[in-house]
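S.K.: Below is one structure. I have some questions about it.
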Amino acid sequence: MLDIKFIREHQEEVKQNILNRRVNPAKADVDKLLLLDGRKIKLISEIETMRATRNRLSEELKDEKKRTPEKIEEGKKLKEGVEVLEEELKAVEIDWQNIMDWIPNMLAPDVPIGEAEDDNLEISAWTPKEGKFPKEKLGLKDFSKKWMPLFDFAAKDHVTLGEELGVIDVEQSAKTSGSRFSYLKDDLVVMEYALFDLLSKRLISEYGYHPMSVPLLVREKVLFGTSHFPEGRDQVYKIENKNIEENTDLFLVGSSEPSLFGYGMDRTFIKESLPYKMWAFTPCFRSEVGSWGKDVRGIKRVHQFDKLEIDTICKPDQAEKIFEENLAINRWFLETLKLPYHQILKCSGDSGYAASAKQVDTEVWLPAQQEFIEVGTDTNATDFQARRLNIRWEDRNGKKALAYTVNDTGCPMGRMLIAILENYQNPDRSVTVPEVLQIYIGKKVILPKKAA
Numbered sequence: 166m167l168d169i170k171f172i173r174e175h176q177e178e179v180k181q182n183i184l185n186r187r188v189n190p191a192k193a194d195v196d197k198l199l200l201l202d203g204r205k206i207k208l209i210s211e212i213e214t215m216r217a218t219r220n221r222l223s224e225e226l227k228d229e230k231k232r233t234p235e236k237i238e239e240g241k242k243l244k245e246g247v248e249v250l251e252e253e254l255k256a257v258e259i260d261w262q263n264i265m266d267w268i269p270n271m272l273a274p275d276v277p278i279g280e281a282e283d284d285n286l287e288i289s290a291w292t293p294k295e296g297k298f299p300k301e302k303l304g305l306k307d308f309s310k311k312w313m314p315l316f317d318f319a320a321k322d323h324v325t326l327g328e329e330l331g332v333i334d335v336e337q338s339a340k341t342s343g344s345r346f347s348y349l350k351d352d353l354v355v356m357e358y359a360l361f362d363l364l365s366k367r368l369i370s371e372y373g374y375h376p377m378s379v380p381l382l383v384r385e386k387v388l389f390g391t392s393h394f395p396e397g398r399d400q401v402y403k404i405e406n407k408n409i410e411e412n413t414d415l416f417l418v419g420s421s422e423p424s425l426f427g428y429g430m431d432r433t434f435i436k437e438s439l440p441y442k443m444w445a446f447t448p449c450f451r452s453e454v455g456s457w458g459k460d461v462r463g464i465k466r467v468h469q470f471d472k473l474e475i476d477t478i479c480k481p482d483q484a485e486k487i488f489e490e491n492l493a494i495n496r497w498f499l500e501t502l503k504l505p506y507h508q509i510l511k512c513s514g515d516s517g518y519a520a521s522a523k524q525v526d527t528e529v530w531l532p533a534q535q536e537f538i539e540v541g542t543d544t545n546a547t548d549f550q551a552r553r554l555n556i557r558w559e560d561r562n563g564k565k566a567l568a569y570t571v572n573d574t575g576c577p578m579g580r581m582l583i584a585i586l587e588n589y590q591n592p593d594r595s596v597t598v599p600e601v602l603q604i605y606i607g608k609k610v611i612l613p614k615k616a617a
């Protein structure tokens, strides 16, 4: 959430940012917000003045000599007046907050202004054969695809490969759970845990991340705090509160990000403990409303998936370094697996959820489909989430300030498995296991389980 003082002092910049981010200006109505804000300030002042007057009168009425019918009546009118103003203030504050909830974070200065994903800017690209691409091979969106590798045989998608290898079953999952679920089996399951082991060990040994086991059900305040609410409410599964203590609404997480940053909610971290780096490996749940008919085949866009999320609470002057560090981790992971990829700086119109000040997507190249698939998003949320969640840090002199938050997808297992299956397939329908994972899986090649 933005600081209301910042909005008051930079209202035209905030309005332009809303337009640049393609946020509905009717919901993020800055002019209306400032009118409400002015009324809110005036009401608070009037209520405080009337309370002070009433308190002085109450002291006078304690003296029997000063206790007159007129003053008693005046006291009653003051009490009623305060109640009326408090009711009005309550209504104003609700309207004020509803608008504040829709005002997005201010974009970083280096974020390109654009309408949609076609205006995203490539910042790096790599293939096992060519290595890192020079700047002249980078451009907007998928500019680097012309240099990405292609097969010299009729390649297959991950669904066909998974069925022939006997490691993906979407027919049986449709019977048990409906569409957009899957059974993963045998070598593919082992490969998922191999990916987990490879990345988690790196995060702990090289970067000092804390492993976390987190709740998969969180309260509304946490999802609001990470800015997954109000905009992303239709993506989240809600649990019936009649089955929960205290009748509290709980929601299944679409990422462990809310749970991880919820760990810092209403807490103050000492300077020496920052940056506080965390990772969690959890199932994630999303309704995928609005994506019907898109990427529905296989395990690319499903209702339940596993992900290793990496999140950091830090001081403001540490955030950009952490952001760049996350990008380096993404690059190391994919280069270790020898998967061709590019990274794109997302433009203003495609800059993700409201908390984002800057986002970079990492996307793996799929030669058979001749397209990229997103496997990670690195986000600098500045103090936006910390203001909503009340995450603070304290220096040696006892001065407290809002922390910054930085989050990264880390490894969405389903999509990484798609990338490996489709990039490592062979003409004979087998799939080679990436060299770095062979020690985990105990074989170099996964062979088909049935005839074509």
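Just so you know, we're using this note's numbering here: the sequence shown kicks off at 166 and counts up by one.
Glycine is no exception: its CB is placed at the ideal position from the N, C-alpha and C atoms.
Just so it is clear, the structure is predicted and the values come from calculations on it, not from any experiment.
Return the Cβ separation of N270 and A519 in integer angstroms, given the expectation that the two are a contact with Cβ distance under 8 Å.
M.R.: At roughly 6 Å, the Cβ-Cβ gap stays under 8 Å, so N270 and A519 are in contact.
S.K.: Taking 8 Å as the threshold, find out whether the segment 492–505 comes into contact with the segment 425–432 through three or more Cβ pairs.
M.R.: These segments do not touch.
S.K.: Report the three-state DSSP secondary structure of S289 (helix, strand or coil).
M.R.: The answer is strand: DSSP assigns S289 an E or B state.
S.K.: If distances are taken between C-alpha atoms only, which option among A522, L567 and G579 comes closest to V540?
M.R.: Ranking the options by Cα distance to V540, first place goes to G579.
S.K.: What are the boundary residues of the beta strand (DSSP E) that R345 is part of?
M.R.: From DSSP, R345 is part of no beta strand (DSSP E); its letter is neither H nor E.
S.K.: When the distance is taken between beta carbons, is Q590 closer than 8 Å to K630?
M.R.: No statement about residue 630 is possible, as the shown extent of the chain runs from 166 to 617 and does not include it.
S.K.: Find the nearest neighbour of D503 within the set K294, K244 and F171, judged by alpha-carbon distance.
M.R.: Checking the displayed sequence, the identity of residue 503 turns out to be Lys instead of Asp. It is K294 whose Cα lies nearest to the Cα of K503.
S.K.: Kindly list the residues whose CB is nearer than 6 Å to the CB of S392, restricted to its own chain and excluding five residues on each side of it in sequence; keep chain order.
M.R.: Result list for S392: Y518, A519 and A520, in chain order.
S.K.: Go ahead and pull the three-state DSSP assignment for A617.
M.R.: Because A617 carries a pLDDT of 39, less than 50, the predicted location of this residue cannot be relied on, and the following value inherits that uncertainty. Coil at A617, not helix or strand.
S.K.: CB I538 to CB I583, shorter than 8 Å?
M.R.: Going by C-beta atoms, I538 is nearer than 8 Å to I583.
S.K.: Are W261 and V188 closer than 8 Å when you measure CB to CB?
M.R.: Not in contact: W261 and V188 (Cβ atoms no closer than 8 Å).
S.K.: Take L198 as the anchor and find which of Q603, K180 and A217 has the nearest alpha-carbon.
M.R.: It is K180.
S.K.: Under the DSSP definition of a beta bridge, which residues are partnered with G563?
M.R.: Bridge partners of G563: none, in fact.
S.K.: According to DSSP, is I206 helix, strand or coil?
M.R.: Looking at I206 - three-state DSSP - the assignment turns out to be helix.
S.K.: Out of L208, E336 and E357, point me to the one whose CA is closest to R462's CA.
M.R.: The candidate whose alpha carbon is nearest that of R462 is E336.
S.K.: Along the alpha helix (DSSP H) that carries W261, what are the first and last residues, could you check?
M.R.: P234 to M265 is the extent of the alpha helix (DSSP H) around W261.
S.K.: Could you give the distance in angstroms between the alpha-carbon of P599 and the alpha-carbon of F361?
M.R.: Looking at the two C-alpha atoms, the distance is approximately 14 Å.
S.K.: For the putative contact between I611 and V601, defined by C-beta atoms under 8 Å, what is the C-beta separation to the nearest angstrom?
M.R.: Incorrect: roughly 15 Å between the Cβ atoms, too far for contact.
S.K.: Output the distance between the C-alpha atoms of I475 and V332, rounded to the nearest integer angstrom.
M.R.: About 28 Å.
S.K.: According to DSSP, V596 sits in a beta bridge with which residue or residues?
M.R.: Paired residues: Q590 and I611.
S.K.: The alpha helix (DSSP H) that contains H323, what's its start and end?
M.R.: Run containing H323: H323 to L330, per the alpha helix (DSSP H) assignment.
S.K.: Go ahead and label N213 buried or exposed: buried means 16 or more other beta carbons lie within 10 angstroms of its beta carbon, across all protein chains shown.
M.R.: Note on residue identity: the sequence assigns Glu, not Asn, to residue 213. Classification of E213: exposed, given that the 10 Å Cβ count is below 16.
S.K.: Considering just the uninterrupted stretch of the alpha helix (DSSP H) at K310, what are its terminal residues?
M.R.: Premise fails: K310 is in no alpha helix (DSSP H) and is neither H nor E.
S.K.: Using the Cα positions of D284 and E253, report the straight-line distance between them to the nearest angstrom.
M.R.: Answer to the nearest angstrom: the Cα atoms are 45 Å apart.
S.K.: If you follow the beta strand (DSSP E) that N572 is part of, which residue opens it and which one closes it?
M.R.: Counting along the chain, the beta strand (DSSP E) containing N572 begins and ends at Y569 to P577.
S.K.: Should the segment 556–576 be called in touch with the segment 288–308, which here means at least 3 C-beta pairs below 8 Å?
M.R.: These segments do not touch.
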